[in-house]
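Enquirer: In this note's numbering, the protein residues as written are 137 to 513.
#1: Taking DSSP's pairing of strands, which residues face residue 312 in a bridge?
#2: Between the Cα of residue 85 and the Cα atoms of 454, 460, 438, 464, which residue gives the shortest distance?
#3: Please list the terminal residues of the continuous beta strand (DSSP E) segment that includes residue 406.
#4: Along the chain, which unbroken stretches of the alpha helix (DSSP H) at least 4 residues long are found entirely within the stretch 335-415?
#5: Apart from the five residues just before and just after residue 412, which ones in its own chain have a Cβ nearer than 6 Å to its Cβ?
#6: With DSSP as the reference, identify every bridge partner of residue 295, one or two as the case may be.
#7: If distances are taken between C-alpha atoms only, which option among 196, 182, 312, 450 comes closest to residue 215?
#8: Would you call the CB atoms of residue 326 and residue 490 closer than 9 Å?
#9: Which partner residues does residue 222 have in the DSSP bridge list?
#10: With C-beta atoms as the reference, is residue 405 less than 9 Å away from residue 498?
#11: Is the separation between the beta-carbon of residue 197 and that of residue 179 shorter than 9 Å?
#12: Between which residues of its own chain and residue 509 is the CB-CB distance below 6 Å, once the five residues before and five after are set aside?
#13: Find out if the Cβ-Cβ distance for the pair residue 374, residue 360 is shorter than 9 Å.
#14: With which residues is residue 186 paired in a DSSP beta bridge?
#15: Only counting the same chain, and skipping five residues up and downstream in sequence, which positions put a Cβ closer than 8 Å to that of residue 321?
#16: Is it buried or exposed for residue 428, if we count other Cβ within 10 angstroms and need 16 for buried?
#17: Can you give me the Cβ contacts of residue 505 inside the same chain, cut-off strictly under 7 Å, excluding the 5 residues immediately before and after it?
#18: Could you tell me the boundaries of the beta strand (DSSP E) in which residue 251 lies?
#19: Using the rule of at least 16 other Cβ atoms within 10 Å of the residue's Cβ for burial, across every protein chain shown, is residue 175 buried or exposed?
#20: Where does the unbroken beta strand (DSSP E) through residue 328 begin, and where does it stop?
#21: Distance, Cα to Cα, residue 285 vs residue 488?
#22: Could you spell out the range, first to last residue, of the alpha helix (DSSP H) harbouring residue 207?
#23: Please state whether DSSP places residue 267 in a helix, a strand or coil.
#24: For residue 448, which option in 459, 442, 455, 454 has the closest C-alpha, if you only look at C-alpha atoms?
#25: Indicate whether residue 251 and residue 410 have their beta-carbon atoms separated by less than 9 Å.
#26: Quick check: what's the CA-CA separation for residue 187 versus residue 218?
#27: What are the boundary residues of the alpha helix (DSSP H) that residue 230 is part of?
#28: Since residue 265 and residue 227 should fall inside the 8 Å C-beta cutoff, what is the C-beta to C-beta distance between them, to a whole number of angstroms?
#29: Quick one: using the 10 Å Cβ neighbour count with 16 as the cut-off for buried, is residue 437 buried or exposed?
#30: Taking its Cβ as the centre, do 16 or more other Cβ atoms sit within 10 Å of residue 243, making it buried, or is it exposed?
#31: Can you round the beta-carbon distance between residue 296 and residue 384 to whole angstroms, since I take them to be within the 8 Å contact cut?
#32: Output needed for residue 331: all residues of its chain with C-beta closer than 6 Å, excluding positions within five of it in sequence on either side, in chain order.
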């Protein structure tokens with residue numbers, strides 16, 4: 137996980153360098169402005185407004201490990217040195233509870249949220265809790281990654297699938313399939329994130345059950361997998377060479393593993409949504425952060441170094457095709473799954489019969505110190 141954070145941080149630093157070049161060029165030329173220059177101009181105007189507001193912003197961001205998004209926070213502060221940013225990482229299912237409690241108590245700490253729990257954004261929009269705001273570059277963002285009315289906007293596409301030891305892969309990696317994991321060589325060599333702990337992982341298992349039936353899970357458990365909380369740990373287990381595969385996860389699995397998108401099975405992809413709250417204490421600061429994150433420079437040089445950008449004018453990372461060219465995934469399917477909470481809970485309860493109750497500390501807050509209102513000023 138630390139390795140992945142360093143990669144993201146380095147990529148964002150590159151984005152900042154390119155941004156600085158673009159801003160300097162803008163100041164020294166009278167030629168028509170390119171999109172990136174125009175966006176930097178807009179960001180500077182937002183920066184000015186945010187400083188006038190007090191120069192503060194608190195963002196709750198879904199993640200599995202403390203410091204997972206420190207690279208983003210550092211890059212934002214570097215580009216906007218007069219801003220104070222509190223970027224708080226924890227599992228999305230805990231952040232949304234904090235936000236609901238803050239809204240109910242009338243004491244909102246979070247200015248913006250970037251979470252995996254897609255159903256929350258639809259609910260918050262319906263309740264009138266979100267600020268209508270279209271970030272810089274909104275017209276370039278794919279339709280399935282944003283609310284058509286502008287109340288929430290995606291910041292990246294996530295994708296969970298298999299992570300497999302390189303030595304176990306077939307000649308064509310995409311020929312790998314879930315039934316391969318039932319072979320003897322995977323006995324005691326699987327590391328799995330509790331599917332009943334993370335809805336994006338859970339949906340991956342829903343796709344597996346739809347394909348192979350419940351007996352598949354019974355056979356999978358007979359392989360005696362190692363069960364952990366959090367997605368990064370599963371990727372790290374394969375990366376280290378200690379384990380041979382994981383299911384419905386993502387992340388950097390180098391040097392020993394590869395994330396595999398099967399040609400014969402469906403995999404989960406979704407747009408990670410972000411929004412600003414209507415009663416946010418620092419609306420201008422939140423507008424700046426969301427626009428910065430969706431700007432072409434950051435999407436290209438930070439986000440698209442490890443996953444798909446939500447912008448149509450930013451190419452995918454090396455080794456990946458455009459997301460819409462994968463016929464066995466639908467970025468809108470996860471949101472549909474998440475919207476039926478009763479069905480989600482019924483499926484989770486059944487999955488728990490196979491994997492047992494979740495054990496272990498919250499990977500996003502292992503010391504349990506965040507509390508109800510982290511990130512306040």
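Just so it is clear, CB atoms sit at the ideal spot from N, CA and C, and this is done for glycine as well.
Expert: On the basis of the coordinates in this document:
#1: DSSP lists no bridge partner for residue 312.
#2: No information on residue 85 is available, as it lies outside the stretch 137 to 513 that the chain covers here.
#3: Start and end: 404-412.
#4: DSSP runs (the alpha helix (DSSP H)) wholly in the stretch 335-415: 335-348, 350-357, 367-375.
#5: Excluding sequence neighbours, residue 412 sits near 248, 267, 269, 422.
#6: Answer is 405.
#7: Checking every option, the nearest Cα to that of residue 215 belongs to 182.
#8: Cβ atoms of residue 326 and residue 490: not closer than 9 Å.
#9: Answer is 194, bridged to residue 222.
#10: Remark: C-beta atoms of residue 405 and residue 498 do not approach each other more closely than 9 Å.
#11: Note that the C-beta distance between residue 197 and residue 179 is not below 9 Å.
#12: The residues are 245.
#13: No, these two residues do not count as a Cβ contact at 9 Å.
#14: Residue pairing by DSSP places residue 186 opposite no residue, since no beta bridge is assigned to it.
#15: So the qualifying residues of the chain are 304, 380.
#16: Classification of residue 428: buried, given that the 10 Å Cβ count is 16 or more.
#17: Sequence-distant partners of residue 505 (beyond 5 residues in either direction) whose C-beta falls short of 7 Å from its own C-beta are missing from its chain.
#18: It spans 248-251 - the beta strand (DSSP E) in which residue 251 sits, taken as one unbroken run.
#19: Counting the other Cβ atoms within 10 Å of the Cβ of residue 175 gives 16 or more, which makes it buried.
#20: First-last of the beta strand (DSSP E) with residue 328: 327-329.
#21: In a straight line, the C-alpha of residue 285 is about 38 Å away from that of residue 488.
#22: Going by DSSP, residue 207 is part of the alpha helix (DSSP H) stretching over 206-215.
#23: Three-state result, residue 267: coil.
#24: Per the Cα distances, 459.
#25: Yes, the pair counts as a contact, with Cβ atoms nearer than the cut-off.
#26: Computed Cα separation, rounded: 7 Å.
#27: Segment 228-241, the alpha helix (DSSP H) holding residue 230.
#28: Not really, about 20 Å apart at Cβ, beyond 8 Å.
#29: When all chains shown are included, residue 437 counts as buried.
#30: Counting of Cβ neighbours within 10 angstroms places residue 243 among the exposed residues, the total staying below 16.
#31: With a Cβ gap of about 5 Å, residue 296 and residue 384 count as contacting.
#32: Excluding positions up to five away in sequence, the list reads 337, 338, 341, 487.
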